[in-house]
Structure formats: structure tokens, C-alpha cells
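Chemist: Take 1 as the starting number for the sequence shown in UniProt numbering and just add one per residue. For glycine and all other residues, C-beta sits at the position ideal for the given N, C-alpha and C. Here the structure is a predicted model, which means the values were calculated and not measured.
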Amino acid sequence: MSNQLKEMCKSLRLAYVADIYDKVPFENPSQYLEALFQQEFELRETAKGERLIKKAKFMNDKELKDFQWGNQVKFPPQIDRENLGNLHFISRKENVILTGSPGTGKTHIATGLGRKACRKGYEVRFYRVADLVENLEKAWNEGKLQSFRNKFNKVDLVILDEMGYVPFSKDGAELLFQLVTDWYEQKSLIITSNLEFSQWNRIFVDARLTAALVDRVIHHAHILSFTGDSYRVTHALSNFPS
Numbered sequence: 001m002s003n004q005l006k007e008m009c010k011s012l013r014l015a016y017v018a019d020i021y022d023k024v025p026f027e028n029p030s031q032y033l034e035a036l037f038q039q040e041f042e043l044r045e046t047a048k049g050e051r052l053i054k055k056a057k058f059m060n061d062k063e064l065k066d067f068q069w070g071n072q073v074k075f076p077p078q079i080d081r082e083n084l085g086n087l088h089f090i091s092r093k094e095n096v097i098l099t100g101s102p103g104t105g106k107t108h109i110a111t112g113l114g115r116k117a118c119r120k121g122y123e124v125r126f127y128r129v130a131d132l133v134e135n136l137e138k139a140w141n142e143g144k145l146q147s148f149r150n151k152f153n154k155v156d157l158v159i160l161d162e163m164g165y166v167p168f169s170k171d172g173a174e175l176l177f178q179l180v181t182d183w184y185e186q187k188s189l190i191i192t193s194n195l196e197f198s199q200w201n202r203i204f205v206d207a208r209l210t211a212a213l214v215d216r217v218i219h220h221a222h223i224l225s226f227t228g229d230s231y232r233v234t235h236a237l238s239n240f241p242s
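#1: Nearest to isoleucine 218 by alpha carbon, out of Thr181, Leu136, Thr227?
#2: Buried or exposed: where does leucine 5 fall if 16 or more other Cβ atoms within 10 Å of its Cβ makes it buried?
#3: Restricting to Cα atoms, I'd like to know which of Val17, Phe204, Tyr122 is closest to lysine 93.
#4: Expressed to the nearest angstrom, what Euclidean distance is found between the alpha-carbon atoms of phenylalanine 37 and asparagine 150?
#5: Nearest to serine 198 by CA position, among Ile190, Ser188, Leu209, is which residue?
#6: Based on the DSSP secondary-structure assignment, which residues constitute the bridge partners of residue 248?
#7: Quick check: phenylalanine 168 and leucine 160, are their CB atoms within less than 8 Å of each other?
#8: I want to know whether the region 219-227 touches the region 123-130 - three or more CB-CB distances under 8 Å.
#9: Skipping 5 residues on each side, what residues in its chain have a beta carbon closer than 8 Å to that of lysine 170?
#10: Near tryptophan 69, which residues of its chain fall below 8 Å by C-beta distance, leaving aside the five closest residues on each side in sequence?
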């Protein structure tokens with residue numbers, strides 16, 4: 001391709017045509033142009049998905065398709081594995097709560113759902129809850145809380161990982177409650193926790209605040225329970241000689 005044609009593609013914002021034009025089979029002009037532009041669209045969507053994945057800041061690159069589904073995941077009546085993977089809960093602004101023992105795959109599924117959502121064009125953010133609360137407290141102390149809250153205005157899905165691993169200060173709990181209240185019925189949440197809802201008092205201290213938070217989180221929510229042994233422990237034990 002000549003430099004002039006490359007410049008034309010650049011001016012028309014055809015980011016991939018210059019790289020793929022000679023790889024598309026030619027049968028007739030109409031078929032060729034349609035196939036060429038179809039590949040341009042597909043490559044744009046792929047690149048957009050990867051940009052959104054980078055912005056989401058996942059802790060790992062686990063994919064939903066790699067999860068070893070077994071009997072350890074108990075679905076509620078209104079949703080099954082296929083419906084969960086279709087991500088319809090995001091457009092309906094519903095929540096997904098994953099509860100159960102550590103190491104049973106909750107973060108894997110949460111991350112896999114988040115990465116798939118990015119590839120479908122959704123804005124996603126991933127936080128360990130303790131890190132989010134730390135960021136909230138820092139923003140509050142620096143007088144930048146509203147600016148921090150505004151960062152989520154265009155986000156479709158927020159993943160809150162490891163709810164309950166670290167207790168919060170009273171201020172931290174109240175700031176997180178304010179943020180979840182902002183998001184209520186405005187966006188979807190995926191929350192992973194090793195605690196049952198009745199045990200959330202351990203981390204939020206204030207019983208009334210805990211009840212109000214749980215009420216908002218479980219309204220319009222699909223709650224999946226994880227049972228069985230930790231994958232990590234089982235894998236580690238399998239490496240020991242018998």
C-alpha cells in the first residue's frame with residue numbers, strides 16, 4: 001500500500017484497513033469491501049475490549065471459560081450458568097453476590113464475568129474492598145471525595161472483591177455505604193465474600209448501617225453460594241508425594 005493510501009486511511013480513521021487489505025479474499029468488489037470493513041469493525045471492537053480490560057484493573061487474567069464448574073456452585077432459581085454468562089444482569093442493573101469459603105472460585109468467576117463484560121463494551125471497575133475503602137478515606141481527607149465518586153458516573157459494573165476479609169473503621173464503613181447508595185439501581189455490582197450477610201456486622205460495626213447496606217445490595221440481586229474445599233489447598237496437597 002502506498003504512503004498516500006495509508007494517509008487516506010489515517011484521515012478516515014480506518015485503523016486496520018492498511019494492515020489487512022491484502023489478506024481479505026477477493027471475489028467481487030462488493031464482497032471485498034463488505035469483508036474488509038467487517039474486519040475493520042471486528043478489530044475495533046477487540047481493541048476497545050482490551051482497552052476497557054486495562055481500565056478495569058483486574059488483579060488477574062482469569063477467564064470465565066476456564067472455570068471448572070462442578071457441584072460447588074449453587075444457583076438461585078431465577079438464574080443459571082448460561083444466563084449469568086449472558087450478562088443480562090448488567091443491562092437490568094442487577095447485582096451478583098458470590099458467597100462461600102475462600103479458594104472456591106468466587107474471584108475467578110467475578111473476574112471472568114468482568115472481562116467478558118469489557119469485551120461487550122461495558123465500563124467495568126475491579127476493587128478489593130479494603131483498597132477501595134482506603135482510597136475513599138484518602139479522598140475524604142484530601143477534600144476530593146466528590147471527584148472520586150464522579151469517576152464511577154459512566155461505569156456499568158463494579159466488582160467488589162473480598163468483602164469481609166478486613167474490618168473497616170467507622171468512617172471507612174460510612175464512606176463505602178455512601179458509594180453503594182450512589183450506585184443503587186444505577187449500575188450493577190458483583191461482590192465476593194467469605195461471610196454470610198448475618199456476619200457483615202463484623203466489618204461494618206454499626207448494625208443499622210449494615211442492615212441498610214445489605215438491603216441495597218441484595219435488592220435485585222442473584223446470590224450464588226460456593227461450597228467445597230479450597231482449590232488452592234487441594235492443588236497444593238496434590239503436589240505432595242503420597
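Modeler: If we stick to the structure as given:
#1: Thr181
#2: exposed
#3: Tyr122
#4: 36 Å
#5: Leu209
#6: Beyond the ends of the chain as shown, which are 1 and 242, falls residue 248; an answer cannot be given.
#7: no
#8: no
#9: Val205, Asp206
#10: Arg81
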